[in-house]
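Undergrad:
Numbering (UniProt numbering), first residue to last: 1 to 147.
1) Skipping 5 residues on each side, what residues in its chain have a beta carbon closer than 8 Å to that of residue 122?
2) Considering only heavy atoms of the ligand FMN, does any lie closer than 7 Å to the CB of residue 119?
3) Determine the closest residue to residue 111 out of 93, 130 and 97, with distance taken between C-alpha atoms.
4) Taking all protein chains shown into account, do 16 or more other C-beta atoms lie within 10 angstroms of the C-beta of residue 59, making it buried, or fewer, making it exposed?
5) Spell out the partners DSSP gives residue 99 in its beta bridges.
6) Give the straight-line distance between the Cα atoms of residue 137 and residue 70, rounded to the nearest whole angstrom.
7) For residue 125 and residue 68, what's the separation of their Cα atoms in angstroms?
8) Can you tell me the Cα-Cα spacing of residue 133 and residue 98, whole angstroms?
9) So for residue 163, helix, strand or coil by DSSP?
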């Protein structure tokens, strides 16, 4: 509310504003309420290559060789859909020969290669199917690099 200042002779009374209180520096601050952080999906940690190689030595290696790329692609698709296996890669040997590699538990790799062989035979020429239950670590040196 404005107070009135007594007017001097010949002056009009002017309202005087009450001084505004400055916030006290020592006044207790209200704790800030932070907005709840949105939960972002945690990114998986990268596994060092040495650990990957150690894990691969305990996994089975499945291979399917076909004549032509179409049969190999069909086999790869059937293998990863049929069982819990990881597609390691493919190797084009020459003369139209293509080998597809998968890794996983022995049972899963066996089931995957059976499904992949049947699929490859339906659309192309199946040459060979093989499963190595626990390949030696030195076999890694001749396998195609995982992509």
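Glycine included, each C-beta is placed from N, C-alpha and C at the ideal position.
TA: Let's see:
1) 74
2) Ligands are entirely absent from the displayed structure, and the ligand FMN is therefore not among its contents.
3) 130
4) buried
5) Its beta-bridge partners are 65 and 91.
6) Taking the straight line from one Cα to the other gives about 31 Å.
7) Cα-Cα distance, rounded: 7 Å.
8) 21 Å
9) This structure cannot settle anything about residue 163, because the visible part of the chain is limited to 1 through 147.
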